[in-house]
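When we follow numbering that gives the first Met the number 0, the leftmost residue of the sequence shown carries the number 0, and every step to the right adds one.
What follows is a set of notes on a single structure, which appears directly below.
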Amino acid sequence: MKGVIAAVLTPLRDDGTPHIGLMLEHCRWLIGSGCDGLAILGTTGEANSLSLSERERFLEGVVRGAGIPVERIIAGTGCCSVADSVRLSRHALSLGVVRLLVLPPFYYKKVSNDGLFEAYGRLIEGVADARTRLYLYNIPQMTGIALDAALICSLIDKYDEIIAGIKDSSGDWPSLKNLCALFGRRMDVFAGSERDLIDAVDAGACGCITATANAFASTIADLYARRRTRMAALLQRDAGERRALFEAFPTIAALKEYTASRTGDARWRQVLPPLTPLSSLERSAFYDRLAGLRRLPEA
């Protein structure tokens, strides 16, 4: 898998349960707008605010209803409990989804690499399915845990056929560049945003898994497709400005606000506690900034 992977939002009903119908429409729109794949039930998808059964039913609904090949789907299955991660991973595999994006167990902080290795090892051996393609998920600003090169090396050494890649959402360019240098030839390295996409691909990354694709999928897909052209620098700057718009607000709420506006469906504004929708003041400021985004000239 390579290219632009959308970290997909999870639409919700008034009672807080996932809305499959809206999700299917959105997934088709993302693929139709140029995304190469979909990362379902990750951070952007509010996965850790959903129950295990809700996550299972939701993924099942997407796989069976969207008409998108399972080869283009990555499922988030990481939990604090290894047993829960095993359950979600087995369920995804039963649907034919073999690419699994897995957070480290994140409640306890200042844990050792030995402990993290044991957790991932128990997951892999508990799933016990050779089809598994596990993508490590490094997002220390959310988990409080950084997955370092030594841990990754140890996991690859023991589980070479299983460890397929990593999503680095640390936001730290030197860290991502180092991961590309060390592992870019051994596994898929995905940037966690499009902000440094051209530099990341040049360094050895295979693409990005990005939340901003929920709003600007075609823009990011165009950046990836034209990364070797004379327009690349301008497209990269434009993508960075668009991402900065969402990062200036509570990001998931802002992405859902944008999607509600794009689709004309207010149900998209629903988020799960402890998140809240944009306030009226935030909405006003958001649309003011959105209106100020530059329009790029045609190539």
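For glycine and all other residues, C-beta sits at the position ideal for the given N, C-alpha and C.
Which residue marks the beginning of the beta strand (DSSP E) containing Ile-4, and which one marks its end? Here the beta strand (DSSP E) through Ile-4 covers 2-6.
Which residue marks the beginning of the alpha helix (DSSP H) containing Arg-12, and which one marks its end? No alpha helix (DSSP H) holds Arg-12; DSSP gives it neither H nor E.
Which same chain residues end up closer than 8 Å to Pro-249 when comparing Cβ atoms and leaving out the 5 residues on each side of it in sequence? The beta carbon of Pro-249 lies closer than 8 Å to those of Leu-274, Thr-275, Leu-277, Glu-281 in the same chain, with the five residues before and after it left out.
Endpoints, beta strand (DSSP E) assigned at Ala-163: 162-167
Residue environment, Glu-45, which counts as buried when at least 16 other CB atoms sit within 10 Å: buried
Enumerate in chain order the residues of its own chain whose CB-to-CB distance from Phe-285 is below 7 Å, with the five nearest sequence positions on each side excluded. Phe-248, Ala-253, Glu-256, Leu-277
Considering only DSSP beta bridges, list what Val-207 is partnered with. Rather than Val, the amino acid found at residue 207 in this sequence is Cys. DSSP, once it has assigned bridges, lists Val-3, Ala-190 as partnering Cys-207.
Got a sec: does the ligand COA put a non-hydrogen atom nearer than 7 Å to the Cβ of Trp-172? Within the structure as shown, the ligand COA is missing, as the structure has no ligands at all.
Compute the Euclidean distance between the alpha carbons of Phe-57 and Leu-49, then round it to the nearest angstrom. Taking the straight line from one Cα to the other gives about 10 Å.
For Ala-6, which of Trp-267, Thr-211, Phe-215 has the nearest alpha-carbon? Thr-211
Can you tell me whether Arg-56 is helix, strand or coil according to DSSP? helix
Span of the alpha helix (DSSP H) holding Leu-37? Looking at the DSSP string, Leu-37 is not in any alpha helix (DSSP H); the run it does join, the beta strand (DSSP E), is 36-39.
Same chain, Cβ closer than 7 Å to Leu-150, neighbours up to 5 away in sequence not counted: Here Leu-150 has Asn-112, Leu-115, Phe-116 as same chain residues with Cβ atoms under 7 Å from its own Cβ, once five neighbours each way along the sequence are excluded.
Please name the residue, chosen from Ala-214, Val-61, Arg-98, Arg-63, that lies closest to Gly-77 on a Cα-to-Cα basis. Comparing Cα-Cα distances from Gly-77 to each of Ala-214, Val-61, Arg-98, Arg-63, the minimum goes to Arg-98.
Through-space distance from Arg-242 to Glu-297, alpha-carbon basis: Low confidence applies to Glu-297: its pLDDT is 43, below 50, so where it sits in the model is not reliable enough to give any reading.
For the alpha helix (DSSP H) containing Gly-47, name the first residue and the last one. The sequence given here has Asn at residue 47, not Gly. Element bounds for Asn-47: n/a, residue is neither H nor E.
Please report the straight-line C-alpha distance between Ser-153 and Val-81, rounded to a whole angstrom. 19 Å
Does the stretch 52-71 come within contact of the stretch 218-237, defined as at least 3 CB pairs closer than 8 Å? no
Ala-65 in three-state terms, based on DSSP: coil
Three-pair Cβ contact test at 8 Å for the stretch 213-225 versus the stretch 181-197: yes
Could you tell me the alpha carbon to alpha carbon distance between Arg-89 and Thr-131, rounded to whole angstroms? 9 Å
Three-way DSSP call (helix, strand, coil) for Ala-298 in this model: Only weak support is given to the placement of Ala-298: the predicted model assigns it a pLDDT of 38, under 50, and the question is left unresolved by the model.
According to DSSP, is Val-126 helix, strand or coil? helix
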